[in-house]
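Just below is one structure, and these are the notes that go with it.
Protein chains in written order, with full-length UniProt numbering: chain A, 1 to 367; chain B, 1 to 367.
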C-alpha cells in the first residue's frame, strides 16, 4: 500500500492507494470519530461493493446508506437534497461520518452534503473510478451542477481520508478508464515531463490494468495534484493550472449536454486544443503536439471537439467559466511540455484559428 | 458611528453601527473588490430600501437584484436555488459580491449562496431587523431549513463587512422588535450581568427606539457575541452558550410550524425554561428567575411555551437538535445570572417538571 499526505495544515489528510484496501477496516477506524456512518453510493456501485462495506462497518458503527441514481445528470440540488433527507431520517447528528463510495459524481455530492449537513460533518472518500481517484479525491472541491452551468454550486471541503482501492478499476467500463487516463496525462503535461515520458512507455500496460503500474500512475498523479493544491487550497492562483483543457472541455460538455461526453473525454479534446494553441504561440514544438495527440489516442481518447460545435459556441460557453475574471478570458496553456501557465495574454486570432482548424478536422472524420 | 472588529484571523471583519449608514457608499466600497454586485432582499424590504441602494452602488458597480418571498417558510433549498439562478442569469463570476439586505432569513440564505456560489464569493450583510443585527450578523452561520429540521443545511461563512443601519428599525413591526430584544436579553443572561442590569433600566427607552440607546444595545450584543465566536468559530465548545433557550425554542418553532412563532419569541420562552431549570438545580435565586421573566415581559415577549404542546413533544423534538451528541441531551443552562454553562448533567426529573409546570401555567392563560 502506498500512502501520501495532502499537506493543508490542520486540514491535512492521508491518501491510501492499494489493491483490496476498501476491506481494511483499520483505515476507516482511524478516520471515523463518532458512532454514526452514512454511506452514499449509486445504483451501479451499490450491487458491487455496498454490502461488504456495510457488513464490515456495522461491527463498530450505526450504518445507514443512501443510494443515488447514477450519472452526471443527477448531480443536482435535488439529489443533494435527497442525501440531506436520508441523513435526517436516520437521525444523524454532527458527529456522523459520510463515506462517498463511487465515482466523481458521488464524491462531489456526498462531499457537498458533508460540507453543509449541520454546517459540516466528517467525510471519507472511497473513489471507485480512475478519474475520481486521480482528480476529485484530492483538492476538496465538492458541489453540484446547475442547469445554467457545471459545478456552479459547491464548497471547498477536505475529507478525513481518501481510500483508493485499485481493484475497483476491474469493474470500470473501459470508456471510463480512458476518461480517467485523460487526467493522468494532464498531470504530465502541466508539471511533470518525466511522468509524461513514463506514460508514453507504459500506456499499454496501464490500459491493461497492470496493478503495480496503475498504482504508480495514481500515486504520481495524486502527488502532482496535492503539490499544487497545497500551494493554493482555495484556487486563487497556481491551482488553476489543474484546469488545463477544462475551460474548452466544459464548453464541450455543456454544449453536448451533461453525460453525453464523459468529463475525461472532453478534457482530452480540451487539452489538445490548449496544446495546439500553445504551439501556435511558439511555446511548443510540432513534435510536442504530435506526442500529446498520440498519447491521448493510445488511451482511446478523442483528440478533436465534436464537429457539430462552432467557434461561437465555444466563445459563448467559455465566458461563463469560473476562470473568467470580470469578462476577460483566461486560459491554462503550456509554456513548455511539463510546465503550465495561466494567461489571458494570447492572440484572439490564434484562439479562433485553433478552434476553427480543430472543428474542420473533426468534420472530416467519418462519424 | 460605532465600529467593532470580529477577530477571526484572516477572516476578521468590521461591524459598523449607526443611523443612516446604509447610505454611506465608502463603507461598501471598502468591502467590494470586483465589479459585480448582487443585492439579495425580500418583497417586504425591497420597496423600502432597495432602489436607494441600487442607485448608490450603480455609480461604481454592475448591480443585479434578487427579490425573494418574505418569511421563514421560504428559507428552503428551493429559494436558495433561485438565488443561484439569479446569479447565473446575470452571468456573475467568482469576483461578485453578494449583499444581504433584510432580516435573518435573507442573511442566512444570501450568506449560504455566497458560501457556495462557485465555491465561495464575497458577502456583505446589511441586516434590517433587530434580531439579525444582534444575532445572525455575527458568527458566520448561514443556511436553510429542511422539512425535517431547522437550519440543518448550511455552512460557516464570514462576511467582508456588516453594516447595521439603526434607522431601518423604524419600519420594523413592533412584534419583530420584541423578537430581537429576546436575543439582546439573552446576552445579558449568558455573559454580562452588568448589561442585564442596564437593560432592566433602559428597556422602555429601547422599545421606544431611542437611537443612542438602541445603538449601544446592538454594540454590546455584537461585542458579546463576537467575543464568544472568536473563541470558537466552528461551534466546537463555548459557542454553544449562545444557544441559551434555543434548544427549547427550536422545539416550539418546529412544533408550531415555522413562522407561527417568531424565532425570538420562541427563544424568549426557551430562555425562561432554561432559567427555570437552572433555578431548580440550585444555580439561581427565585429573584433571578422573576427578574428574567419581568424583563422578557417588559419587551412584550412570551415567557411560557404554547399550551397545546406536551412534555413528549419537547423530548421528541429536542433529540434532533444539533447539540445532541450521540443521543444524550445537552442544554445551555445558567451557573449564575451572567454566566452560562453547557451540560448534559441535569436531573431528568427537573427537566420534566420544569416543562410540565410551564405548560400548566400556559394552559391557565386565556388565549
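Here a beta-carbon is modelled for each residue, glycine too, at the ideal position from N, C-alpha and C. As the structure is a prediction and not an experimental result, all values here were calculated from the model.
Buried or exposed: residue 390/A, going by 16 or more other Cβ atoms within 10 Å of its Cβ? Limits of chain A in this structure are 1 at one end and 367 at the other, which puts residue 390/A out of reach.
Determine whether the Cβ of residue 234/A lies closer than 9 Å to any Cβ atom of chain B. Residue 234/A counts as touching chain B.
I'd like to confirm the pairing. Which residues does DSSP put opposite residue 2/B in its beta bridges? Looking at the DSSP output, residue 2/B sits in a beta bridge with 17/B.
Per-residue contacts from residue 88/B into chain A (C-beta, under 8 Å): For residue 88/B, the C-beta contacts it makes with chain A under 8 Å involve 146, 148, 149, 152, 320, in order along the chain.
Three-state secondary structure (DSSP) of residue 90/A: Coil.
Compute the minimum distance between the beta carbon of residue 232/A and the heavy atoms of the ligand FMN, and state whether it is under 8 Å. For the structure depicted, the ligand FMN is absent and the ligand set is empty, with no information on it obtainable.
Helix or strand or just coil, what does DSSP make of residue 211/B? Residue 211/B sits in a helix when the DSSP states are folded into three classes.
Can you check whether the C-beta of residue 120/A is within less than 9 Å of a C-beta belonging to chain B? Yes, residue 120/A lies at the interface with chain B (some Cβ there is under 9 Å from its Cβ).
Interfacial residues, the segment 72-86 of chain B to chain A, with Cβ spacing under 9 Å: The residues in question are 77, 78, 80, 81, 84, 85.
Span separating the alpha-carbon of residue 75/B from that of residue 89/A: Cα to Cα, the separation comes out at about 20 Å.
Should residue 128/B go down as buried or exposed, given a rule of 16 or more other Cβ atoms within 10 Å for buried? Residue 128/B is buried by the Cβ-count criterion.
The alpha helix (DSSP H) spanning residue 28/A covers which residue range? Counting along the chain, the alpha helix (DSSP H) containing residue 28/A begins and ends at 25-31.
Does residue 63/B come out as helix, strand or coil in the three-state DSSP assignment? The answer is strand: DSSP assigns residue 63/B an E or B state.
Please list the residues of the segment 204-218 of chain B that have a C-beta atom closer than 7 Å to any C-beta atom in chain A, keeping them in chain order. Answer in chain order: no residues at all.
Here's the rule: buried if 16 or more other CB atoms are within 10 angstroms of the residue's CB, otherwise exposed. What is residue 135/B? That one is buried.
Start-end ranges of the alpha helix (DSSP H) lying completely within the segment 294-318 of chain B, minimum 4 residues: If one requires a minimum length of 4 residues, the alpha helix (DSSP H) runs lying completely within the segment 294-318 of chain B are 311-318, in chain order.
Measuring CB to CB, does residue 302/A end up less than 9 Å from residue 360/A? Contact flag unset, no.
Under 8 Å, CB to CB, which of the residues in the segment 57-73 of chain B have a partner in chain A? Cβ contacts with chain A come from no residue of the segment 57-73 of chain B.
Quick one: is residue 314/A near chain B, going by C-beta distance under 9 Å? No - not a single Cβ of chain B is within 9 Å of the one on residue 314/A.
Do you know how far the Cα of residue 3/B is from the Cα of residue 205/B? Distance between the alpha carbons of residue 205/B and residue 3/B: 22 Å.
Could you check what DSSP says for residue 243/B in three-state terms: helix, strand or coil? Residue 243/B falls in the helix class under three-state DSSP.
Would you list the residues sitting across from residue 127/A in a DSSP beta bridge? Per DSSP, 102/A.
Got a sec, what are the start and stop residues for the beta strand (DSSP E) residue 336/B sits in? First-last of the beta strand (DSSP E) with residue 336/B: 331-336.
Residue 36/A by DSSP, collapsed to three states: which one? In this structure, residue 36/A counts as strand in the three-state DSSP scheme.
For residue 140/B and residue 224/B, what's the separation of their Cα atoms in angstroms? Near 15 Å, if we compare the C-alpha coordinates of residue 224/B and residue 140/B.
With 7 Å as the limit, tell me which residues of the segment 100-116 of chain B have their beta carbon closer than that to any beta carbon of chain A; keep them in chain order. Taking 7 Å as the cut-off between beta carbons, the residues of the segment 100-116 of chain B near chain A are 115, 116, in sequence order.
Strand pairing of residue 161/A, partner residues [DSSP]: 124/A.
Give a yes or no on whether the minimum CB-CB distance between residue 155/B and chain A is below 9 Å. So yes, residue 155/B belongs to the interface.
Alpha carbon to alpha carbon, how far is residue 338/A from residue 262/A? Residue 338/A and residue 262/A: Cα-Cα distance of roughly 25 Å.
Looking at the unbroken beta strand (DSSP E) that takes in residue 339/A, where does it start and where does it end? For residue 339/A, the uninterrupted beta strand (DSSP E) segment begins and ends at 339-343.
9 Å Cβ cutoff, residue 141/B in contact with chain A: For residue 141/B, the nearest beta carbon of chain A is closer than 9 Å to its own beta carbon.
Residues sharing a beta bridge with residue 42/B, DSSP: Per DSSP, the beta bridge partners of residue 42/B are 68/B.
Could you give the distance in angstroms between the alpha-carbon of residue 35/A and the alpha-carbon of residue 19/B? Computed Cα separation, rounded: 50 Å.
For residue 21/A, I'd like the list of residues in its chain whose CB is within less than 7 Å of its CB, leaving aside the five on either flank, ordered along the chain. So the list reads 1, 27, 163, 165, once near-sequence residues are dropped.
Sheet register partners of residue 146/B (DSSP bridge): For residue 146/B, which the question treats as bridged, DSSP gives the partners 149/B.
Quick check: residue 79/B and residue 87/B, are their CB atoms within less than 9 Å of each other? For residue 79/B and residue 87/B, no; Cβs fall outside 9 Å.
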